[in-house]
Amino acid sequence: MRMDHVSYACEKDGLAATTERIAGALGVEAVRGGVHPRFGTRNMIIPLSGHKYLEVVEVLAHPASDKAPFGQAVRARSEAGGGWMGWCVEVDDLAPFESRLGRSAVNGNRKFPDGRELVWKQIGILGLIADPQVPYMLKWDGDDALHPSNAYESHVKMSSLTIAGSAERVTEWLGEPVEKPLEDVAVNWMAPKGTPGIMSVTFETSSGAVTI
Numbered sequence: 246m247r248m249d250h251v252s253y254a255c256e257k258d259g260l261a262a263t264t265e266r267i268a269g270a271l272g273v274e275a276v277r278g279g280v281h282p283r284f285g286t287r288n289m290i291i292p293l294s295g296h297k298y299l300e301v302v303e304v305l306a307h308p309a310s311d312k313a314p315f316g317q318a319v320r321a322r323s324e325a326g327g328g329w330m331g332w333c334v335e336v337d338d339l340a341p342f343e344s345r346l347g348r349s350a351v352n353g354n355r356k357f358p359d360g361r362e363l364v365w366k367q368i369g370i371l372g373l374i375a376d377p378q379v380p381y382m383l384k385w386d387g388d389d390a391l392h393p394s395n396a397y398e399s400h401v402k403m404s405s406l407t408i409a410g411s412a413e414r415v416t417e418w419l420g421e422p423v424e425k426p427l428e429d430v431a432v433n434w435m436a437p438k439g440t441p442g443i444m445s446v447t448f449e450t451s452s453g454a455v456t457i
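First residue of the sequence shown? That's 246 in my numbering, and the numbers climb one at a time after it.
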């Protein structure tokens, strides 16, 4: 179990403009991700060091986005003005989570322009919608070289999160101490005033610390 990525729902001016602001603040270039046909969304990627990445995601006018929880989550966050939507933990086995949550993981995929396909399974988006402090869980399938963090070698490091919520709640959700997937990322837990969830993420860049 390890932290995989953080998701930022695009703001009112759309995917390209939102991504440009974040990439500019970090002093890097973003990479075009692609369409998630099962979810009715699309994303852009900012690779990070330590096999992590940041995705900026946008909901599409597509029937899948009305049915898929991930599409619903992105739409709701963007309609609220955009911002940090959630975080994701990579696991080797989704079966324990399927058993505990009483439902099956769903398939995800997106294709590269050259025809290669990134595939995975995920579970926990409904939990994130209900309680945005908790992560969703993902298992990558196929070629690890296609992992979004490998789009280019990045020297930007995710150093800390500020989350409105509690370590105890997230530990209960994961079934293991929350410190395990977050071993190299510090977390500042704050008592939620309103909706829980990610308040900010701090990155170490060539120009110093940047908090978004």
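Even glycine gets a Cβ: it sits at the ideal position worked out from N, Cα and C.
Keep in mind that this is a model prediction, so the values were computed, not measured.
Is the Cβ-Cβ distance between residue i and residue j less than 8 Å?
i: Trp300; j: Gly278; result: One point to set straight first is that residue 300 is Glu, not Trp, in the sequence displayed. Yes, the pair counts as a contact, with Cβ atoms nearer than the cut-off.
i: Ile291; j: Val273; result: yes
i: Ser264; j: Met248; result: The question names Ser, but residue 264 is Thr in the sequence shown. Taking 8 Å as the Cβ cut-off, Thr264 and Met248 do not qualify as a contacting pair.
Residue i: which of the options sits nearest, CA to CA?
i: Gly387; options: Asp337, Pro377, Val401 and Ala261; result: Asp337
i: Pro341; options: Arg355, Asn288, Met435 and Met382; result: Met382
i: Ser394; options: Arg414, Ser310, Ser451 and Tyr298; result: Tyr298
i: Arg348; options: Leu305, Leu371 and Asp249; result: Leu371
i: Gly326; options: Thr416, Gly259, Glu413 and Ala313; result: Gly259
Buried or exposed, going by whether 16 or more other CB atoms sit within 10 Å of the CB of residue i?
i: Phe357; result: exposed
i: Gly420; result: exposed
i: His250; result: buried
i: Glu413; result: exposed
i: Ser310; result: buried
Give the straight-line distance between the Cα atoms of residue i and residue j, rounded to the nearest whole angstrom.
i: Ser445; j: Leu271; result: 14 Å
i: Gly353; j: Val319; result: 15 Å
i: Arg355; j: Ser451; result: 31 Å
i: Gly439; j: Asp376; result: 11 Å
i: Leu427; j: Cys255; result: 25 Å
i: Arg361; j: Ala436; result: 44 Å
i: Ser294; j: Cys333; result: 16 Å
i: Gly331; j: Gln317; result: 13 Å
i: Thr407; j: Val401; result: 18 Å
i: Asn433; j: Lys312; result: 34 Å
i: His296; j: Met246; result: 13 Å
Keeping to the same chain, check which residues put their C-beta closer than 8 Å to that of residue i; ignore five residues upstream and five downstream.
i: Lys384; result: Glu335, Val336, Asp337, Asp338, Leu339, Ala350, Trp365, Lys366 and Gln367
i: Ser404; result: Val430, Ala431, Thr447, Phe448, Glu449 and Ala454
i: Ile267; result: Tyr253, Ala275, Ile291, Leu299, Val301 and Ile457
Within its chain, find whatever has a CB closer than 7 Å to the CB of residue i; leave out the 5 residues flanking it on each side and keep chain order.
i: Leu391; result: Arg361 and Leu363
i: Arg515; result: Here the chain comprises residues numbered 246 to 457, so residue 515 is not present and cannot be evaluated.
i: Gln378; result: Ile408, Ala409, Gly410, Arg414, Val415, Pro441 and Gly442
Residues in its own chain within less than 6 Å of residue i by CB, not counting five upstream and five downstream?
i: Phe315; result: Phe284 and Ile370
i: Ser399; result: Pro292, Leu293 and Ser294
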